[in-house]
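My numbering puts the first residue of the sequence shown at 15, with every later residue one more than the last.
By construction, the Cβ of each residue, glycine as well, lies at the ideal position given by its N, Cα and C atoms.
The structure under discussion appears below in the form of structure tokens.
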Amino acid sequence: MERWENQVAVITGASSGIGGAIAKYLANNKMVTVNLDMNIEGYQAQLAELSPDLVKRMHCIKCNVREEFEIKAAFIEIEKNFGPVSVMVNNVGMMTKTKLLTENNSEDMVKMLETNVLAAIYCTREAFRSMKANGIDGHVFLMNCVCGHKVPLMANNVMSLYPPTKFAITALTEMYRQEFWDQKTKVKITSISPGITTTSIAKDVDVPPHTAALRPNDVADALIYCLQTPPDVQIHDLIIKPIGETFL
15 MERWENQVAV ITGASSGIGG AIAKYLANNK MVTVNLDMNI EGYQAQLAEL
65 SPDLVKRMHC IKCNVREEFE IKAAFIEIEK NFGPVSVMVN NVGMMTKTKL
115 LTENNSEDMV KMLETNVLAA IYCTREAFRS MKANGIDGHV FLMNCVCGHK
165 VPLMANNVMS LYPPTKFAIT ALTEMYRQEF WDQKTKVKIT SISPGITTTS
215 IAKDVDVPPH TAALRPNDVA DALIYCLQTP PDVQIHDLII KPIGETFL
């Protein structure tokens with residue numbers, strides 16, 4: 015991880031769960047981390063449990079990632095105060111509860127598309143612009159899901175538009191791989207697809223309580239592994255499941 019020391023990593027939705035674990039892991043590896051999130055209080059609560067040496071490398075900008083103009087403003091602030099971006103972790107995601115596709119729920123559908131897909135596109139665009147302009151062979155991560163590869167069979171499937179948004183992430187991963195190379199850069203792209211993980215989103219899925227699950231730290235470990243690959247090696251799509259998972 016030496017090559018990433020003192021480099022800037024941007025994470026969306028790092029006030030809890032997987033994003034929070036990733037922010038701590040990156041800071042622990044001497045990166046400067048910036049969380050883009052609306053939940054400033056949640057992020058500060060996490061920092062209160064960490065050592066001062068770690069906290070000084072962890073920052074947060076209040077940003078509604080559903081708003082393109084706020085994302086643009088946040089990246090301007092990041093480059094001004096911390097420097098160009100080397101790592102982008104598109105972690106933020108949401109799922110509406112008990113809403114079927116056949117119900118009248120247009121507002122929820124738009125929110126999921128904006129949060130799970132468009133936010134990743136906007137943030138990746140701004141991060142890649144920063145990387146390319148500064149000659150950085152950076153790394154972009156897209157937080158996917160196992161249901162971005164196969165839709166689970168569930169009675170009264172309340173996952174709604176969530177699997178389609180994750181299928182979009184799977185397609186975006188390949189699109190970015192081609193675009194980054196076509197633009198004469200060596201910026202890497204990795205999709206990380208965890209199985210059931212103990213996060214707030216998992217609570218909205220009707221999964222039996224005995225089902226095996228990953229912890230946020232397990233996913234953060236995988237991301238660190240991907241970052242340590244040699245310059246000519248790219249982990250394109252990483253699927254992680256706990257032993258004994260029956261969800262998918």
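Beta-carbon spacing of residue i, residue j below 9 Å
i	j	result
Ile-25	Thr-211	no
Cys-137	Val-79	yes
Pro-98	Ser-144	yes
Phe-261	Ser-205	no
Gln-21	Val-46	yes
Val-106	Leu-50	yes
Lys-200	Pro-244	no
His-153	Cys-240	yes
Ile-254	Ala-226	no
Met-102	Ala-23	yes
Ser-207	Leu-167	no
Ser-174	Asn-119	yes
Lys-111	Val-165	no
Gly-209	Leu-228	yes
Gln-10	Arg-191	The displayed coordinates of the chain run from 15 to 262. Any statement about residue 10 would go beyond what the structure contains.
Thr-213	Ser-30	yes
Segment limits, beta strand (DSSP E) that includes residue i
i	result
Asp-51	46-51
Met-72	72-76
Thr-110	It is not in any beta strand (DSSP E) - Thr-110 carries neither H nor E in the DSSP assignment.
Asp-246	No beta strand (DSSP E) holds Asp-246; DSSP gives it neither H nor E.
Pro-208	202-208
Residue range of the unbroken alpha helix (DSSP H) whose run includes residue i
i	result
Val-65	Sequence check: residue 65 is Ser here, not Val. It is not in any alpha helix (DSSP H) - Ser-65 carries neither H nor E in the DSSP assignment.
Ile-85	82-95
Under the three-state DSSP convention, the category residue i falls into
i	result
Ala-227	coil
Pro-177	helix
Ala-28	coil
Ile-183	helix
Lys-125	helix
Met-102	strand
Lys-38	helix
Ile-253	strand
Val-22	strand
Interface flag, residue i vs chain B, CB-CB below 9 Å
i	result
Cys-240	Looking for chain B here will not work: only one protein chain is present.
*Would you check if the segment 175-185 and the segment 130-144 touch, i.e. whether three or more CB-CB distances between them fall below 8 Å?*
yes
*Only counting runs of 4 or more residues, tell me where the alpha helix (DSSP H) segments fall wholly within the segment 128-162, in order along the chain.*
133-147
*Mind the definition here: the segment 37-47 touches the segment 70-78 only if three or more C-beta pairs lie below 8 Å; say whether that holds.*
yes
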